[in-house]
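Residue 63 in my numbering sits at position 56 of the sequence shown, with consecutive numbering throughout. No residue lacks a Cβ here, since even glycine has one placed at the ideal position from N, Cα and C. Comments concern the structure below.
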Amino acid sequence: MAENNQTANQVLEMSNGDNGLGRIEIAPEVIEVIAGIAASEVEGVEKMRGSFASGVVERLGKKNHGKGVRVDLTEEGIKIDVYCVIAFGVSIPSVAQKIQDSIRQALLNMTALVAEEVNIHVVGIQFETKNSESDFAPEV
């Protein structure tokens, strides 16, 4: 595994032995998507934090699976930062640990890469809100 800078794009180049078939490169965006999906599947994670632009894009119908995830390719290895909103009433340390485990396992299974760091940033708490209209719908 080595880093490779190509025209302002960082690409993670994997060494797959000397099999003569060519090389394998994984873009950081792919790692963002893997980490975003793995994090959002953990029970207790309500949503991932994104930018205003990603919110507009989602409302237009395109799902951004890398939302709330930042990947840095450094000399030490892959560093992943996850920004998420957690459900009210759950154990934040427990959910954060599950997010870290889920991301590490998904990344290992799908790319055979190991993240040096998986940092979880809880940026909010989501309170459960009841929809009063559905609770008191008139019978016809």
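Is it right to say residue i is buried, meaning 16 or more other beta carbons lie within 10 angstroms of its own, or is it exposed?
i      : result
Glu39  : buried
Ala34  : exposed
Gly75  : buried
Ala119 : exposed
May I ask you to list the residues that DSSP assigns as paired with residue i?
i      : result
Glu77  : At residue 77 the sequence reads Arg, which differs from the Glu that was named. Arg77 is bridged to Asp88.
Lys105 : Answer is none; Lys105 lacks a bridge partner.
Val40  : Answer by DSSP bridge pairing: none, since Val40 is not bridged.
Ile110 : According to DSSP, Ile110 bridges with nothing at all.
Where does the unbroken beta strand (DSSP E) through residue i begin, and where does it stop?
i     : result
Val97 : Element bounds for Val97: n/a, residue is neither H nor E.
Val52 : 52-55
Three-state secondary structure (DSSP) at residue i?
i      : result
Gly131 : strand
Leu19  : strand
Gly27  : coil
Ser47  : helix
Is the separation between the beta-carbon of residue i and that of residue j shorter than 8 Å?
i      : j      : result
Ile132 : Val49  : no
Gly51  : Ala113 : no
Val130 : Arg77  : no
Val89  : Val125 : yes
Gly216 : Glu123 : Outside the modelled stretch of the chain, which goes from 8 to 147, sits residue 216, for which no answer is possible.
Is the beta carbon of residue i within less than 7 Å of some heavy atom of the ligand MG?
i      : result
Ser109 : Judged by which ligands are present, the structure shown has none, so any question about the ligand MG falls away.
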